[in-house]
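The listed protein sequences derive, respectively, from chains A and B.
In terms of our numbering, the first sequence opens at residue 45 and continues consecutively.
In terms of our numbering, the second sequence opens at residue 181 and continues consecutively.
Where is the CB? At the ideal position from N, CA and C, for every residue including glycine.
Bear in mind the structure is a predicted one, so any value in this text is a computation, not a measurement.
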Amino acid sequence: MTANCLPTDTLSQLPPMEAGAGRCIAATIVFLAIIMLAGCGESGQEEAGDEALAAADIDVPDTLLREHPVTGEKLARKQVLVRGNASEPASLDPHLVEDTVGGAIVVDLFEGLTRSGPDGDTEPALARSWSASDNNLTWTFRLREDGRWSDGSTVTAHDFVYGWQRAVDPQVGSNYAYYIESAGVKNAAKIIAGEKAPETLGVRAVDDFTFEVSLSEPITYLPDMTVHYTMFPAPREAIETHGTDWTKPGHMVSNGAFQLDTWHLGEKLVAARNPHYRDNEATIIDRVVYLPIESSSAELQRYASGELHMTSTVPVSQMARLKKERPDELVMAPSIATYMYAFNVQRPPFDDVRVRRALTYAIDRNVIVNYITRGNQMPAYTLTPPYVSGFDFRQPEYATWSQTRRDEEARRELEKAGYNEDNPLEFELLYNTDESHKALAIVVSQMWKEKLGARVTISNLEWKTFLSEKQAGNYGMARFGWKGDYNEASTFLTLLTGDSGNNDGGWSNSEYDQLLKEARSSGDPNAYYARAEDILWQEFPVLPVYFNTTVALVSPVLRGYPKENPRNIIYSKDMYITAD
Amino acid sequence: MFSFIIRRLAVAVPTILALITVSFVLMHAAPGGPFTNERNVPEAVMENIEAKYNLDKPLWQQYFIYVGNVAQGDLGPSFRYKDFTVNELIESSFPRSAYIGAWSFLFVVVFGVGLGIIAALKQNRWPDYTVMTAAMTGVVFPNFVMAPLLVLLFAVTLRWLPAGGWEGGQVEYIVLPIIAMATSYIAQVARITRSSMIETMRSPFIRTARAKGIPRHKIVLRHALKPSLIPVVSYLGPAFVGIITGSVIIDQVFSTGGIGQHFVNGAINRDYSLILGVTILVGVLTIIFNAAVDILYTWLDPRVRY
């Protein structure tokens with residue numbers, strides 16, 4: 045657009061600026077200025093950014109440095125731990141949090157009856173000891189008397205009663221309400237269904253330091269389940285004063301080694317030492333900074349620039365390079381998580397067990413873990429990972445065969461099922477959009493194509509769409525991953541019971557269900573689990589691919605990282621930063 | 181002018197309402213919901229959660245509850261970030277994006293227009309080729325390439341600047357986000373300014389001015405600049421809204437805690453209230469700045485009157 049129709053005689057004089065337009069420009073400038081000043085104003089209120097650069101410590105003479113009370117290592121002057129934490133938590137309320145990233149923060153802020161030890165076994169935390177009645181229906185936890193909330197008040201059995209009641213209260217709307225129900229706590233199911241009041245839950249404070257749980261169905265592994273944040277105590281006073289705002293900095297009262305300090309969504313969450321914590325003297329870290337970095341490559345860059353002590357993950361594409369360049373910093377911890385493909389057994393061709401068996405046999409898991417996932421994953425031929433505490437891990441027979449033999453058996457099975465060159469097996473493999481899932485889907489479909497002549501269509505769907513299709517059973521074969529909620533085999537095996545909400549492939553077996561029901565209260569659940577797994581090895585409701593690991597980069601100065609904890613529960617209070 | 185503003189306001193309300201309606205329907209039509217999770221919870225538990233967020237009510241009822249709340253300035257609770265309301269999320273993240281955006285915008289105007297003019301005046305000579313090559317590079321370098329490259333160079337390799345964070349918007353933390361944000365816009369603006377300037381310089385009134393012997397710098401600054409800016413302003417109006425509402429790339433790469441992340445995450449997480457909240461925000465800003473652009477035209481082009 046040009047203004048070439050203007051009369052030439054006006055050219056030597058600019059048309060005077062219109063008053064209105066002038067005001068508009070002025071307004072825009074003022075607006076810009078306000079935004080910029082507002083930003084400056086914000087900076088005035090905040091602390092200088094020493095946390096983000098905490099990994100770079102100032103040089104202090106060695107003689108002035110504190111030593112670690114147990115190991116004698118020289119400690120860094122600044123004990124500010126910076127953790128990569130993948131994304132923002134759904135909540136910091138122990139009874140609303142539902143994700144790994146939230147759990148990572150909540151176990152630092154709060155403390156439950158028990159905790160997960162360095163090797164993943166259950167250890168006492170606030171509970172000194174516990175015992176069960178003869179029939180395993182009543183459990184009594186005796187609490188330590190030195191547990192303190194961050195406001196200085198004592199943690200009592202009443203706080204646990206309140207916490208557990210909140211978890212099942214329909215008004216609170218906890219995703220994990222079913223966790224209390226699955227433990228068999230009396231009345232839990234009826235409270236969730238709105239038929240009874242939360243106060244009727246089978247928990248009771250016998251006295252200030254004795255917490256009693258009454259079950260309607262016996263269970264032997266309740267203490268293992270109490271490691272989970274859903275069974276943490278809750279600070280009644282803070283919650284009743286602030287309502288849903290109680291998890292905000294300044295309002296939150298917590299009983300863990302740390303308390304909430306600041307929280308800027310998408311930037312960082314800072315937890316500071318809780319001076320009232322019972323074991324405060326043994327805690328070395330002063331502040332913990334959690335960075336919600338969603339992109340694993342961005343996280344890697346921040347680690348590489350020295351701004352992070354530990355990452356939450358490592359991009360698969362960088363594994364080979366990091367194994368070479370930073371072998372000492374790369375941690376590949378076993379995890380109680382299984383990567384699988386689920387069969388929809390109600391749909392052909394997967395209604396035929398021979399097809400399911402053939403496909404399970406024909407994938408070469410060693411190729412997958414060595415060349416695709418590359419994070420020390422372990423080939424999986426069965427559902428429950430070997431790292432599960434107290435679990436008597438066995439492998440099905442086909443695990444011992446050579447891959448050539450598996451392939452031969454697979455071809456034979458498929459032929460018996462009526463598939464051959466003229467009538468090839470055809471199906472669709474569904475996964476959620478993600479580079480690593482895609483790589484795996486391509487490889488397994490190629491294996492099936494080469495070995496069995498199967499025509500596999502692989503298709504991906506966006507996460508929520510994938511979930512809703514999968515949960516509605518609209519699939520033939522779908523990617524399926526499971527990470528244990530607690531360190532006991534039932535967290536895996538109950539996935540496939542008839543009433544499990546996650547068993548969307550439609551497989552059910554009454555004997556299997558009965559075995560798991562009996563295992564709950566049995567003194568020797570492994571005998572039942574073995575028979576249950578035997579059934580899975582005959583029926584192949586899911587196709588196990590590998591047992592997962594948690595891969596992370598951990599700075600050489602950070603010590604105490606639980607490299608052997610298969611639950612990947614990392615308590616900041618167990619770690620410390622050394623000077624070199 | 182006054183009646184123009186009144187007219188714009190009168191159109192704005194139904195526009196926003198239409199925006200809410202379309203977004204609301206589209207959001208709810210997407211498969212899955214805010215509480216669809218890999219861990220499928222029992223029905224009774226899901227019912228309690230949905231009741232807490234009014235999702236158990238018929239859709240039309242949810243719509244009217246939502247619109248009623250919006251009319252009172254309440255954008256509702258976030259479904260994904262359960263500890264926050266959408267108002268809180270916007271209040272904490274928008275100022276950051278706007279801050280980065282305002283600085284970026286300043287650079288976009290100064291450098292974009294400046295370089296565009298230089299290129300136009302030295303058309304088909306080396307300054308023009310340099311600027312245009314740089315501009316083409318800027319255009320084809322999207323910020324999801326630019327941002328990680330900047331981090332790699334300045335944070336990981338040279339260690340001059342931090343790789344991410346906000347820390348109250350200190351200079352060292354916002355330099356890279358501003359550069360990553362501004363580059364492609366500067367390139368666009370330079371290109372638009374150049375072509376528009378070239379066109380203006382060829383028009384009869386400039387030729388007349390030259391014939392009258394007016395010095396070249398006066399011709400450029402006093403006569404050619406204003407009409408040349410019209411297409412630039414048309415571009416910058418909507419671009420301004422885009423710049424100050426941030427970018428998911430910037431927020432993800434630099435952990436700035438801006439509002440950009442909420443556009444993408446809100447949709448991925450089916451956080452109905454959050455995605456509607458940010459949509460309304462962008463809608464309102466777009467209406468405001470489109471009106472501002474229209475008002476600017478009256479100054480740039482005397483033929484335009486309202």
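The beta strand (DSSP E) with residue i in it runs from where to where?
i             : result
residue 525/A : 521-527
residue 210/B : No beta strand (DSSP E) holds residue 210/B; DSSP gives it neither H nor E.
residue 470/A : 470-476
residue 331/B : Segment: none, residue 331/B is in no beta strand (DSSP E) and carries neither H nor E.
With C-beta atoms as the reference, is residue i less than 9 Å away from residue j?
i             : j             : result
residue 507/A : residue 476/A : yes
residue 318/A : residue 301/A : yes
residue 256/A : residue 249/A : yes
residue 382/A : residue 600/A : no
residue 310/A : residue 431/B : yes
residue 596/A : residue 357/A : yes
residue 312/B : residue 374/B : yes
residue 127/A : residue 352/A : yes
residue 347/A : residue 312/A : no
residue 463/B : residue 195/B : yes
residue 475/B : residue 285/B : no
Name the one or two DSSP bridge partners that residue i has.
i             : result
residue 251/A : 254/A
residue 183/A : 176/A, 257/A
residue 304/A : 315/A
residue 377/A : 594/A
residue 374/B : In the DSSP output, where bridge partners are listed per residue, residue 374/B has none listed.
residue 385/A : 523/A, 587/A
residue 620/A : 603/A
residue 457/A : Paired residue(s): none; residue 457/A is not in a bridge.
residue 160/A : 166/A
residue 128/A : 335/A
Which residue comes first and which comes last in the alpha helix (DSSP H) that contains residue i?
i             : result
residue 413/A : Counting along the chain, residue 413/A falls outside any alpha helix (DSSP H), and DSSP gives it neither H nor E.
residue 605/A : Note, residue 605/A: premise wrong, no alpha helix (DSSP H); not H, not E.
residue 411/B : 405-424
residue 592/A : It is not in any alpha helix (DSSP H) - residue 592/A instead sits in the beta strand (DSSP E) that spans 586-597.
residue 504/A : Note, residue 504/A: premise wrong, no alpha helix (DSSP H); beta strand (DSSP E) at 499-505.
residue 296/A : Unbroken run through residue 296/A: none, as it is neither H nor E.
residue 556/A : 554-565
residue 267/A : 266-269
residue 401/B : Where residue 401/B is concerned, there is no enclosing alpha helix (DSSP H), given that its DSSP letter is neither H nor E.
residue 284/A : 280-286
residue 443/B : 440-448
TODO: Decide if the segment 252-263 of chain B is in contact with the segment 451-467 of chain B; the criterion is three or more beta carbon pairs, one per stretch, under 8 Å apart.
DONE: Touching, per the Cβ criterion.
Task: Residues within the segment 332-352 of chain A neighbouring chain B, beta-carbon criterion of under 8 Å - done: Listed by position along the chain: 335, 336, 337, 338, 339, 341, 342, 345, 346, 348, 349, 350, 351.
- [ ] Please confirm if the segment 122-137 of chain A is in contact with the segment 323-331 of chain A, defined as three or more CB-CB distances below 8 Å between the two stretches.
- [x] Yes, the segment 122-137 of chain A is in contact with the segment 323-331 of chain A.
Open item on the list: Could you check whether the segment 266-284 of chain A touches the segment 205-213 of chain A, counting it as contact only if at least three pairs of C-beta atoms, one from each stretch, sit closer than 8 Å?
Closed with: Taking one beta carbon from each stretch, the segment 266-284 of chain A and the segment 205-213 of chain A have 3 or more pairs nearer than 8 Å; the two touch.
Task: Stretch pair the segment 209-227 of chain A + the segment 131-147 of chain A: three plus CB contacts closer than 8 Å - done: For the pair of segments examined, the segment 209-227 of chain A was found to touch the segment 131-147 of chain A: the number of CB pairs separated by less than 8 Å reaches three.
- [ ] Indicate whether the contact test is met: 3 or more Cβ pairs, each with one atom in the segment 386-406 of chain A and one in the segment 459-479 of chain A, closer than 8 Å.
- [x] Contact between the segment 386-406 of chain A and the segment 459-479 of chain A is present, because at least three Cβ pairs lie under 8 Å.
Task: Members of the segment 537-552 of chain A near chain B, C-beta cut-off 8 Å - done: Cβ contacts with chain B: 545, 546, 548.
Task: Contact between the segment 311-331 of chain B and the segment 377-394 of chain B (3+ Cβ pairs under 8 Å) - done: Not touching, per the Cβ criterion.
Task: Residues, ordered as in the chain, of the segment 267-292 of chain B that lie near chain A by beta-carbon distance below 9 Å - done: Within the segment 267-292 of chain B, contact with chain A at the beta-carbon level (separation under 9 Å) is assigned to 268, 269, 272, 273, 275, 276, 278, 279, 280, 281, 282, 283, 285, 286.
Open item on the list: Tell me whether the segment 595-606 of chain A and the segment 433-452 of chain B touch, counting them as touching only if at least three CB pairs, one residue from each stretch, are closer than 8 Å.
Closed with: No: fewer than three Cβ pairs fall under 8 Å.
Open item on the list: Assess contact between the segment 172-189 of chain A and the segment 197-210 of chain B, defined as three or more Cβ pairs (one per stretch) separated by less than 8 Å. Is contact present?
Closed with: At 8 Å Cβ cutoff, the stretches do not touch.
Task: Proximal residues, the segment 447-460 of chain B versus chain A, C-beta separation under 7 Å - done: Result list: 448, 450.
Task: Sufficient close CB pairs (3 or more, under 8 Å) joining the segment 462-469 of chain B to the segment 412-432 of chain B - done: In this structure the segment 462-469 of chain B lies against the segment 412-432 of chain B, because at least three pairs of beta carbons, one per stretch, are closer than 8 Å.
- [ ] Could you run through the segment 219-243 of chain B and flag, in chain order, every residue whose CB is less than 9 Å away from some CB of chain A?
- [x] The segment 219-243 of chain B vs chain A, Cβ under 9 Å: 219, 220, 221, 222, 223, 224, 225, 226, 227, 228, 229, 230, 231, 232, 233.
TODO: Say whether the segment 607-623 of chain A touches the segment 402-413 of chain A, bearing in mind that this needs 3 or more beta-carbon pairs closer than 8 Å, one atom from each stretch.
DONE: No, they do not touch.
TODO: Please name the residues in the segment 483-512 of chain A whose beta-carbon is closer than 9 Å to at least one beta-carbon of chain B, in chain order.
DONE: Residues 505, 506, 507, 508, 509, 510, 511, 512.
Open item on the list: Taking contact to mean 3 or more Cβ pairs, one atom from each stretch, closer than 8 Å, check whether the segment 495-505 of chain A and the segment 357-370 of chain A are in contact.
Closed with: The segment 495-505 of chain A is not in contact with the segment 357-370 of chain A.
Task: Contact between the segment 264-272 of chain A and the segment 159-168 of chain A (3+ Cβ pairs under 8 Å) - done: With the cut-off at 8 Å, the segment 264-272 of chain A and the segment 159-168 of chain A touch.
TODO: Compile a chain-ordered list of the residues in the segment 342-375 of chain B whose CB is closer than 9 Å to at least one CB of chain D.
DONE: As a matter of chain content, chain D is missing from the structure shown, whose protein chains are A and B.
Open item on the list: Across the segment 330-343 of chain B and the segment 265-272 of chain B, are there enough close Cβ pairs to call them in contact, namely three or more that are closer than 8 Å?
Closed with: Taking a cut-off of 8 Å for Cβ pairs, the segment 330-343 of chain B and the segment 265-272 of chain B do not touch, as fewer than three such pairs fall below it.
Open item on the list: For the segment 223-236 of chain B against the segment 232-247 of chain A, do three or more pairs of beta-carbon atoms, one drawn from each stretch, fall closer than 8 Å, so that the two count as touching?
Closed with: Verdict: yes, contact present.
Open item on the list: Taking beta-carbon pairs under 9 Å, can you tell me which members of the segment 376-392 of chain A lie near chain B?
Closed with: Within the segment 376-392 of chain A, no residue places its CB atom closer than 9 Å to a CB of chain B.
Task: Inter-stretch contact at 8 Å, needing at least 3 Cβ pairs: the segment 426-441 of chain A / the segment 558-574 of chain A - done: The segment 426-441 of chain A makes contact with the segment 558-574 of chain A, as at least three CB pairs between them are under 8 Å.
Open item on the list: Measuring CB atoms only, is the segment 234-252 of chain B touching the segment 107-121 of chain A, in the sense that at least three cross pairs come out at less than 8 Å?
Closed with: Taking a cut-off of 8 Å for Cβ pairs, the segment 234-252 of chain B and the segment 107-121 of chain A do not touch, as fewer than three such pairs fall below it.
Open item on the list: Short of 9 Å Cβ to Cβ, which residues in the segment 303-326 of chain A face chain B?
Closed with: So the list reads 307, 308, 309, 310, 311, 312, given in the order they occur along the chain.
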